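Structure first, then comments.
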Amino acid sequence: MPAATISETPIAAIPIKKATQVKGPCTKFPADDLRPTRRFVTTHNSKGEGVFLKDDEGDHHKVLCNGLAVANIIYSTQGAQVDLNDEKDVAFAAAYEPPIHTRNGSVARLIDFAPGMESPIHRAMSIDYGIVVEGEFLLTLDSGESKKMLPGDCSVNRGCNHKWKNLSETKSGRMLFVLLDVAPLYVGGKLIEEDLGEMTSDYAPHPEE
C-alpha cells in the first residue's frame with residue numbers, strides 16, 4: 003500500500019505548513035533518524051476469523067511546531083462504543099483527521115520530536131496515556147514539577163497543563179499518545195478548559211467550533 007503523505011488540507015480546513023515553510027528539521031514522518039512504523043488493522047472474514055485489513059503507515063501525517071515535531075495519527079474513533087460493523091470505524095479513521103482529541107471518542111497518535119525539541123505548554127481536555135517509544139523525555143507541569151521518562155515509561159495526564167522535551171540534543175525521540183475524552187472538569191469551582199497555546203494552529207478545531 004502507498005505510504006501516507008503529510009496532509010495539506012485537514013478536514014476542518016486548518017491548513018498545515020508545507021515543507022518549504024518549515025523551519026525545523028522534521029518535514030515528514032518518520033523523523034530522518036528514526037525507523038518507519040507500520041500499522042496493522044484487523045477485521046473478520048466471512049467465517050468470523052480474524053484477518054488483516056490494513057498494513058500501512060497510517061492515514062494522516064502532520065508537521066507540528068513549525069517542523070520541530072511530526073505526528074502520525076494511528077487511529078481515531080467516535081462514540082463511547084465503537085461501531086465495528088461494515089468497517090464503519092475504519093472509514094471514519096481514514097476520512098477524519100482529528101483535533102488534538104476527539105470528543106466522545108479516542109485518538110492514538112505517534113509523535114517524533116526533533117533533537118532538543120521542547121513543546122509549548124498546552125492542555126487537552128482528555129485523559130492522555132503517554133508512552134516513550136524511543137529516546138528520553140522530560141514531562142513538566144505548570145506547577146514546575148517534572149519527571150524524566152525512559153523507553154517503556156508511561157504517563158497518565160488527567161487534563162493538566164504540561165510540556166514535553168526531548169532530552170537528546172543529537173537524536174530524535176518518539177512517543178505514543180492515546181487520548182480519551184473526559185467529562186467537564188472543575189477545580190476549585192472553576193471550569194478547566196482546553197488551551198493549546200502556540201500549537202493552536204497545528205490542530206484542527208473541534209467540529210462545532
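Numbering (our numbering), first residue to last: 3 to 211.
All C-beta atoms, glycine included, are put in the ideal place defined by N, C-alpha and C.
It should be emphasised that the depicted structure is a prediction, and the values quoted were computed from it without experimental measurement.
DSSP state of residue i, grouped into three classes?
{"i": "E120", "result": "strand"}
{"i": "A93", "result": "helix"}
{"i": "P57", "result": "Reading off the sequence shown, one finds Asp at residue 57, where the question assumed Pro. Reduced to three states, the DSSP call for D57 is strand."}
{"i": "G146", "result": "coil"}
{"i": "T79", "result": "strand"}
{"i": "E136", "result": "strand"}
{"i": "D130", "result": "strand"}
{"i": "G52", "result": "strand"}
{"i": "D106", "result": "Before going on, a small fix: residue 106 reads as Asn here, not Asp. N106: coil per DSSP, three-state reduction."}
{"i": "T29", "result": "coil"}
{"i": "S157", "result": "strand"}
{"i": "D114", "result": "strand"}
{"i": "T45", "result": "strand"}
{"i": "D35", "result": "coil"}
{"i": "D85", "result": "coil"}
{"i": "G190", "result": "coil"}
{"i": "N68", "result": "helix"}
When we look at the beta-carbon of residue i and count the other beta-carbons within 10 Å, is it buried (16 or more) or exposed?
{"i": "Y188", "result": "exposed"}
{"i": "L193", "result": "exposed"}
{"i": "R176", "result": "buried"}
{"i": "D114", "result": "buried"}
{"i": "H124", "result": "buried"}
{"i": "S78", "result": "buried"}
{"i": "H46", "result": "exposed"}
{"i": "A185", "result": "exposed"}
{"i": "E59", "result": "buried"}
{"i": "A71", "result": "buried"}
{"i": "S174", "result": "buried"}
{"i": "A97", "result": "exposed"}
{"i": "L86", "result": "exposed"}
Rounded to whole angstroms, how far is the Cβ of residue i from the Cβ of residue j, which I believe are closer than 8 Å?
{"i": "E171", "j": "G118", "result": "5 Å"}
{"i": "Q80", "j": "F94", "result": "6 Å"}
{"i": "L178", "j": "E138", "result": "With a Cβ gap of about 15 Å, L178 and E138 do not count as contacting."}
{"i": "M127", "j": "G161", "result": "6 Å"}
{"i": "N163", "j": "L143", "result": "7 Å"}
Relative to the alpha-carbon of residue i, which residue among the options has its alpha-carbon at the smallest distance?
{"i": "P38", "options": "N74, G190, E210, G50", "result": "N74"}
{"i": "D91", "options": "G69, N68, T44, V134", "result": "T44"}
{"i": "E136", "options": "L112, V180, D57", "result": "L112"}
{"i": "G199", "options": "D57, I76, P122, D88", "result": "P122"}
{"i": "E196", "options": "L70, K49, I129", "result": "I129"}
{"i": "F54", "options": "G191, E89, D85, C156", "result": "E89"}
Less than 7 Å between CB atoms is the rule here; does residue i satisfy it with respect to chain C?
{"i": "D85", "result": "This model lacks chain C altogether, as it is built from one protein chain only."}
With a threshold of 6 Å (Cβ to nearest heavy atom), would residue i be considered close to the ligand FMN?
{"i": "K165", "result": "Questions concerning the ligand FMN fall outside what the structure shown contains, since it holds no ligand whatsoever."}
Looking at C-beta atoms only, is the number of pairs between the stretch 187-206 and the stretch 100-113 that lie closer than 8 Å three or more?
With a cut-off of 8 Å on Cβ pairs, the stretch 187-206 is in contact with the stretch 100-113, counting three or more such pairs.
Any 3 or more C-beta pairs closer than 8 Å across the stretch 104-117 and the stretch 148-157
no
Spell out a yes or no on whether the stretch 27-35 and the stretch 53-65 are touching, meaning 3 or more CB-CB pairs, one atom from each, closer than 8 Å.
yes
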